[in-house]
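The structure appears below as structure tokens.
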Amino acid sequence: MSKDINGALLDGVLSKVRADIGRYPRRTVRNLLDLGEKLARGQSQKTFLGNARNMLEKRSSAYYKAVEDMVSHVDLDHLFTFGKNVGYNSCLKGSRIIGEIRDKEGYSAPWALSLIMDEDRLSRTPEIYDQVIVQGMGIGIYTYLLFGPETKDLLLLSRTHPECAFVLFVRGQVLDKAFLSQLALCRNVLLAVEDDRYMDDNCRVLRENKLFYGIYTSYDDVGKEHILNGCWLSDILPDHPQFAFLLPREDSTPRSKAQVYDYVISIRKGQKYPVFLMDIGQDMITINEMVLKDRCAVYFDQEGMLHIHGRPCPEITCNIFEESLTDIFRQTLPSEE
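Read in order, the letters of the sequence shown are residues 4 to 340 in my numbering.
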């Protein structure tokens, strides 16, 4: 795919940013936000970036510490590749493609797509998932959240699509040297490890290898209390994650989800913790609304079945292993404009 003019110009700007960020991280971050505001499509994107810049006027903001730590402990090629793929390819270029399809063909698509991977399909027929991503890129989706085992097949899928950003949520085992070696080659990947008995060791080797990582946990109506009282965030900070992700379980009530998201917002506004905290359930909807003016989040479960949150949709059963993304979204995400 040939580069568009803005993308080529951005590459030039990022080269200078790379040279400056080690010496002047605070100023460089503010300059990046200024650039993003200039490139932003629509008032909602401009407002979001402007608010982020205004937050960083607070000199004591812990987010500066987070940025300084990332610059020191994460490979810069990794940081800038992932950042460009999310910020430019997905939120700017991708959203433009989605907007054009919405205007011309009357259906929409999400800014990001979540897939709960089926381990057997991934190992036996990985081309199934590869085609999902190819189809997604064709309609403007460049960010993917993949939930699955620690497997080299996930990394191969990510390396096959260098223009996309992947957040890989892995669970239940120690990351071995072979996996870490392959992960180091995937500069478009942020690895999220589960808060389990392997977490400390996994985070230690990820940090030693200058890899980009986060920690995640899931919550229900009972488990939310460990989050809301601040204990969970304090517990994981010694492992130096760049991101902390909260995942609502299927049985979480709307009230619990709202309470957790209020907590997430308060933590971000307080700027006291050097980690970027996200609630995957609500933030995917919020970002989609900011980027596309559409309250919507989409994921496909292990069996390939479609789930849509955040907006009413037709009661239609759709399966990613049987239909194309285009056909599925044409049926289920008609344009609201």
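Beta carbons are placed, not taken as given, at the ideal position from N, Cα and C, and that holds for glycine.
Count the other C-beta atoms from every protein chain shown that fall within 10 angstroms of the C-beta of residue i, then say buried if there are 16 or more, exposed otherwise.
i    : result
K19  : exposed
T84  : buried
S2   : What the structure shows of the chain is the stretch from 4 to 340, and residue 2 is not part of that stretch, so it cannot be assessed.
S184 : exposed
V177 : exposed
A261 : exposed
I319 : exposed
S93  : buried
M4   : Note that M4 scores a pLDDT of 42, beneath 50, so its modelled location is shaky; the value from the coordinates is reported in the next line. Per the 10 Å Cβ criterion, exposed.
V225 : exposed
K272 : exposed
A69  : buried
Could you check where the beta strand (DSSP E) with residue i kicks off and where it finishes?
i    : result
A187 : Neither: A187 is in no beta strand (DSSP E) and is coded neither H nor E.
L148 : T146 to F150
I311 : L309 to H312
E250 : For the sequence presented, residue 250 should be read as Leu rather than Glu. L250 -> beta strand (DSSP E) spans F246 to P251.
I319 : Careful: I319 lies outside any beta strand (DSSP E) and carries neither H nor E.
E71  : Not the beta strand (DSSP E): E71 falls in the alpha helix (DSSP H), residues A65 to H76.
Starting from residue i and walking both ways along the alpha helix (DSSP H), at which residues does that stretch end?
i    : result
T329 : L328 to T335
Y219 : Where Y219 is concerned, there is no enclosing alpha helix (DSSP H), although the beta strand (DSSP E) it sits in stretches over Y216 to Y222.
D123 : E122 to R127
Y132 : E130 to G141
S93  : Element bounds for S93: n/a, residue is neither H nor E.
A261 : P257 to G273
V294 : I283 to L295
L82  : L79 to K87
L159 : K155 to R162
Mind reading off the beta-carbon distance from residue i to residue j? Whole number of angstroms is fine, and I expect it under 8 Å.
i    : j    : result
V263 : L236 : Contact flag wrong, Cβ pair sits at about 12 Å.
F248 : A195 : 6 Å
V89  : A168 : 4 Å
F215 : L82  : 7 Å
S98  : G141 : Wrong, their Cβ atoms sit about 15 Å apart, outside the cutoff.
Nearest to residue i by CA position, among the options, is which residue?
i    : options                   : result
H243 : S75, L35 and R30          : S75
G313 : R258, A181, D80 and D286  : D286
I119 : L157, S98, A112 and I288  : L157
R190 : E166, D199 and D282       : E166
K227 : V192, R207, V267 and I100 : V267
S64  : P277, D304, G307 and R298 : P277
L36  : V225, V137 and Y91        : Y91
L350 : L336, L209 and D223       : Lying outside 4 to 340, the shown extent of the chain, residue 350 is not represented and no answer is given.
R207 : R162, Q245, F172 and Y67  : Q245
I288 : D133, F303, I311 and Q274 : I311
L125 : G102, D223 and L159       : L159
D72  : K87, R29 and K96          : R29
Open item on the list: Taking contact to mean 3 or more Cβ pairs, one atom from each stretch, closer than 8 Å, check whether the region 111-125 and the region 136-149 are in contact.
Closed with: Yes: the two stretches touch, three or more of their Cβ pairs being nearer than 8 Å.
TODO: Check whether the region 163-178 touches the region 326-335, counting contact only when three or more Cβ pairs, one atom from each stretch, lie closer than 8 Å.
DONE: The region 326-335 and the region 163-178 do not touch, with fewer than three beta-carbon pairs separated by less than 8 Å.
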